[in-house]
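Trainee: Supplied in structure tokens, the structure appears directly below.
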Amino acid sequence: GDSVTQMEGPVTLSEEAFLTINCTYTATGYPSLFWYVQYPGEGLQLLLKATKADDKGSNKGFEATYRKETTSFHLEKGSVQVSDSAVYFCALIPTGNQFYFGTGTSLTVIP
Amino acid sequence: GAVVSQHPSRVICKSGTSVKIECRSLDFQATTMFWYRQFPKQSLMLMATSNEGSKATYEQGVEKDKFLINHASLTLSTLTVTSAHPEDSSFYICSARGQGVYEQYFGPGTRLTVT
């Protein structure tokens, strides 16, 4: 069935370090892929998305490229800030309604 | 962007009682709302999907008589956990979607603790 496998955390980085959070998926057809972010005490917010192969989603310095050949959608940021500390969820919608979420990766950025 | 609120943010109740959680779309009409449950260090698990004015569609394994969902208006859906037990303790998150779009907007979640 459809599923998302996400890098386990927690991840702790120093400010200005490079971030990669791995995400791979299993799905039939051509799903849309998403990264959501959850800041402490808040709801999930859409960070970026990609709807077809080779699309690159980007927002706030974060990027992820839809790689159909490797079924991956890794999240990257070149230089993290303390304000990026949050939990990041990879997700997909294969077709229709239902989101499939990864387990979430907690990121802490220290000054 | 679109805003979804949940109330309460935290609730503690005694075993055997019922508790209601509200999910509201504040600035758009939510034709479809979704209820998720999140266990510690686990994924969000979809519990049910509700369309305004219709009965909710429950995912396999979710007891519809225990988790009552009502979506009576385009801005409000409620989840009532009936006869709550400690194993129902969890983080419940709702999301909402407008007509003709697939993007969902998530509420901040409700932490339920059953003692």
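Residue numbers (my numbering), protein chains in the order written: chain C, 1 to 111; chain Y, 1001 to 1115.
Built from N, CA and C at the ideal position, the CB exists for glycine as well.
For residue 20 of chain C, count neighbouring C-beta atoms within 10 Å of its own C-beta (all shown protein chains included) and say buried if the count is 16 or more, exposed if not.
Mentor: Classification of residue 20 of chain C: exposed, given that the 10 Å Cβ count is below 16.
Trainee: Compare the Cα-Cα distances from residue 36 of chain C to each of C/12, C/30, C/29, C/73 and report the closest residue.
Mentor: For residue 36 of chain C, the nearest C-alpha among the options comes from C/73.
Trainee: Near residue 56 of chain C, what residues of its chain come up, given a Cβ to Cβ distance below 8 Å and the 5 sequence neighbours on each side ignored?
Mentor: Same-chain partners within the cutoff: 50, 63, 64, 65, 66.
Trainee: Taking residue 1071 of chain Y as part of the beta strand (DSSP E), name the residues at either end of that continuous run.
Mentor: 1067–1073 is the extent of the beta strand (DSSP E) around residue 1071 of chain Y.
Trainee: Kindly indicate which residue of Y/1048, Y/1033, Y/1047, Y/1044 has the alpha-carbon position closest to the one of residue 1074 of chain Y.
Mentor: Checking every option, the nearest Cα to that of residue 1074 of chain Y belongs to Y/1033.
Trainee: List the whole-angstrom C-beta distance separating residue 1013 of chain Y from residue 1114 of chain Y, where the pair is believed to meet the contact cut-off of C-beta under 8 Å.
Mentor: Indeed they touch by this definition, with Cβ atoms about 6 Å apart.
Trainee: Taking the straight line between their C-alpha atoms, what separation do you get for residue 1071 of chain Y and residue 7 of chain C?
Mentor: The straight-line gap from Cα to Cα measures roughly 35 Å.
Trainee: Is residue 101 of chain C close to chain Y, meaning its C-beta is less than 8 Å from at least one C-beta of that chain?
Mentor: Answer yes: the Cβ-Cβ gap between residue 101 of chain C and chain Y drops below 8 Å somewhere.
Trainee: Do residue 1096 of chain Y and residue 1019 of chain Y count as a contact pair if the criterion is CB distance below 8 Å?
Mentor: Contact: no.
Trainee: Under 8 Å between the Cβ atoms of residue 1091 of chain Y and residue 1004 of chain Y?
Mentor: No, they are not a contact pair.
Trainee: Buried or exposed, going by whether 16 or more other CB atoms sit within 10 Å of the CB of residue 86 of chain C?
Mentor: So residue 86 of chain C counts as buried.
Trainee: Distance check for residue 17 of chain C and residue 1078 of chain Y, CA to CA, integer angstroms please.
Mentor: In a straight line, the C-alpha of residue 1078 of chain Y is about 43 Å away from that of residue 17 of chain C.
Trainee: Which residues in the same chain have their Cβ closer than 6 Å to the Cβ of residue 30 of chain C, if we skip the five residues on either side of it in sequence?
Mentor: So the list is empty, once near-sequence residues are dropped.
Trainee: Closer than 8 Å by beta-carbon distance: list the chain Y residues that pair up with residue 93 of chain C, in chain order.
Mentor: Residues of chain Y passing the Cβ test: 1102.
Trainee: So which residues of chain C does residue 1042 of chain Y contact, with C-beta pairs closer than 9 Å?
Mentor: Those are 103, 104, listed as they occur along chain C.
Trainee: Less than 8 Å between the beta carbons of residue 1025 of chain Y and residue 1002 of chain Y, yes or no?
Mentor: Yes, the pair counts as a contact, with Cβ atoms nearer than the cut-off.
Trainee: Does the CB of residue 47 of chain C have a neighbour CB from chain Y at under 8 Å?
Mentor: Chain Y contact via Cβ: absent.
Trainee: Helix, strand or coil for residue 83 of chain C, going by three-state DSSP, please let me know.
Mentor: Residue 83 of chain C falls in the helix class under three-state DSSP.
Trainee: Determine the direct distance from the alpha carbon of residue 13 of chain C to that of residue 80 of chain C, and round the result to whole angstroms.
Mentor: One C-alpha to the other measures close to 8 Å.
Trainee: Are the beta-carbon atoms of residue 1081 of chain Y and residue 1046 of chain Y separated by less than 8 Å?
Mentor: No, the pair does not count as a contact, with Cβ atoms beyond the cut-off.
Trainee: List, in chain order, every chain Y residue whose beta-carbon is nearer than 7 Å to that of residue 98 of chain C.
Mentor: Here the neighbours are 1046.
Trainee: Mapping DSSP to helix, strand and coil, what is residue 63 of chain C?
Mentor: Here residue 63 of chain C sits in strand by DSSP.
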